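Asks: Here it is, the structure, as structure tokens.
Number of protein chains: 2
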Amino acid sequence: MKIDEQHNAALAKVAEMVGDAKFAMLTTLEKDGTLRSRPMATMQLDGDGNLWFFTSQSSPKIVEAKPDQQVNLAFMRTDKQDYLSISGAAELVHDREKMQDLWSPWVKPWFPKGLDDPDLALLKVSIMEAEYWDAPG
Amino acid sequence: MKIDEQHNAALAKVAEMVGDAKFAMLTTLEKDGTLRSRPMATMQLDGDGNLWFFTSQSSPKIVEAKPDQQVNLAFMRTDKQDYLSISGAAELVHDREKMQDLWSPWVKPWFPKGLDDPDLALLKVSIMEAEYWDAPG
Numbered sequence: 015m016k017i018d019e020q021h022n023a024a025l026a027k028v029a030e031m032v033g034d035a036k037f038a039m040l041t042t043l044e045k046d047g048t049l050r051s052r053p054m055a056t057m058q059l060d061g062d063g064n065l066w067f068f069t070s071q072s073s074p075k076i077v078e079a080k081p082d083q084q085v086n087l088a089f090m091r092t093d094k095q096d097y098l099s100i101s102g103a104a105e106l107v108h109d110r111e112k113m114q115d116l117w118s119p120w121v122k123p124w125f126p127k128g129l130d131d132p133d134l135a136l137l138k139v140s141i142m143e144a145e146y147w148d149a150p151g
Numbered sequence: 015m016k017i018d019e020q021h022n023a024a025l026a027k028v029a030e031m032v033g034d035a036k037f038a039m040l041t042t043l044e045k046d047g048t049l050r051s052r053p054m055a056t057m058q059l060d061g062d063g064n065l066w067f068f069t070s071q072s073s074p075k076i077v078e079a080k081p082d083q084q085v086n087l088a089f090m091r092t093d094k095q096d097y098l099s100i101s102g103a104a105e106l107v108h109d110r111e112k113m114q115d116l117w118s119p120w121v122k123p124w125f126p127k128g129l130d131d132p133d134l135a136l137l138k139v140s141i142m143e144a145e146y147w148d149a150p151g
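Printed below as a string of structure tokens:
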């Protein structure tokens, strides 16, 4: 995973949590009005406050064709009892070079066909708001 | 019947995850269209498929006055890499007896005034759908 240098000081805590927790639960609003979440492996927090994930662009659809779909990313470090909520806008990105750049063997169990899979795409989440909680007392 | 059996089978796994993970991230759709999440301590999974939490009924409002607000509960066991998404309908419940029944000293750090806090309420989430992932491979 790549954690780039953050220009925004507020994102320092996000960088620490994301680097440590690695997996997030991504929640989306479905067409039927329900909220669903699924685990996602974080590949990068770039210097512009975007989080990058690999995803399958076919079913189940995470992100619709419309731009700026609202999503939530929940990171937890259960051993430390700290929790991070990120509200952001998601979009599918088809960028072969970026995919090669972010590819890592440890995500292969989820995407066994690797970079040759035509269904493989990137999900980019632009962070709009981040909230953080740690263990009380 | 068939649907009930599926429901029960799902709840067995839910019961195992919830009992182990204890904390969930509760995601709600805000009025401005964003999705926000916050950590919640699970107090009970009852026999009717409802999850119970303590909450503050004042700001920040989690659940609006309207009934059946859609929410998502994400449970993670990061050490085992397993993940649970629960889609459900949430409502605020004011039930003094139920609150006394569910109260535990380990939630006191979050609600220091305890049962005497007039702001304390119960959040009941009726499970509508549960999805489960474990570590691949």
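In the order they appear, the protein sequences are chains A and B. Residue numbering for the first sequence follows my numbering, beginning at 15 and increasing consecutively. Residue numbering for the second sequence follows my numbering, beginning at 15 and increasing consecutively. In this text, a Cβ means the ideal position worked out from N, Cα and C, and glycines have one as well. Being a predicted model, the structure only gives us computed values, none of them experimental.
Quick check on Gln58/B - is its C-beta less than 8 Å from some C-beta in chain A?
Replies: Position 44 of the second sequence, counted from the start, is the residue given in the question as residue 58/B. Chain A contact via Cβ: absent.
Asks: Find the nearest neighbour of Met57/B within the set Thr48/B, Glu44/B, Phe68/B and Gly47/B, judged by alpha-carbon distance.
Replies: By 1-based counting over the second sequence, the position of residue 57/B is 43. Met57/B has its Cα closest to that of Phe68/B, out of Thr48/B, Glu44/B, Phe68/B and Gly47/B.
Asks: Could you give the distance in angstroms between the alpha-carbon of Glu30/A and the alpha-carbon of Lys138/A?
Replies: The residue labelled residue 30/A in the question sits at position 16 within the first sequence. The residue labelled residue 138/A in the question sits at position 124 within the first sequence. Approximately 19 Å between the Cα atoms of the pair.
Asks: Anything in the region 64 to 92 of chain A with a Cβ closer than 9 Å to a Cβ of chain B? List those residues in chain order, please.
Replies: Cβ contacts with chain B: Gln84, Val85, Asn86, Leu87, Ala88, Phe89, Met90, Arg91 and Thr92.
Asks: For Ala38/B, is the classification buried or exposed, using 16 other Cβ atoms within 10 angstroms of its Cβ as the cut-off for buried?
Replies: Within the second sequence, the letter at position 24 stands for residue 38/B. Result: buried.
Asks: Could you list which residues in chain A have their beta carbon closer than 9 Å to that of Thr31/B, in chain order?
Replies: For this step, residue 31/B is matched to residue 17 along the second sequence. For the record, residue 31/B in the displayed sequence is Met; it is not Thr. Within 9 Å Cβ-Cβ: nothing; Met31/B doesn't reach chain A, min ~12 Å.
Asks: I'd like to know whether the C-beta of Ala35/B is nearer than 8 Å to at least one C-beta of chain A.
Replies: Counting from 1 along the second sequence, the entry for residue 35/B is found at position 21. Judged by the 8 Å Cβ criterion, Ala35/B is in contact with chain A.
Asks: In whole angstroms, what is the alpha-carbon distance linking Tyr146/B and Tyr97/B?
Replies: Residue 146/B sits at position 132 when you count from the first residue of the second sequence. Residue 97/B sits at position 83 when you count from the first residue of the second sequence. In a straight line, the C-alpha of Tyr146/B is about 6 Å away from that of Tyr97/B.
Asks: Cutting at 8 Å between CB atoms, please list the residues of its own chain near Asp60/B, excluding the five before and the five after it.
Replies: By 1-based counting over the second sequence, the position of residue 60/B is 46. Cβ neighbours of Asp60/B beyond the five flanking positions: Trp66.
Asks: Any beta carbon from chain B within less than 8 Å of Gly47/A's own beta carbon?
Replies: If you number the first sequence from 1, residue 47/A lands on position 33. Chain B contact via Cβ: present.
Asks: Nearest CA to the CA of Gly63/A: which residue from Pro126/A, Ala104/A, Asp93/A and Met113/A?
Replies: Mapped onto the first sequence, residue 63/A falls at position 49. The residue with the shortest Cα to Cα distance from Gly63/A is Ala104/A.
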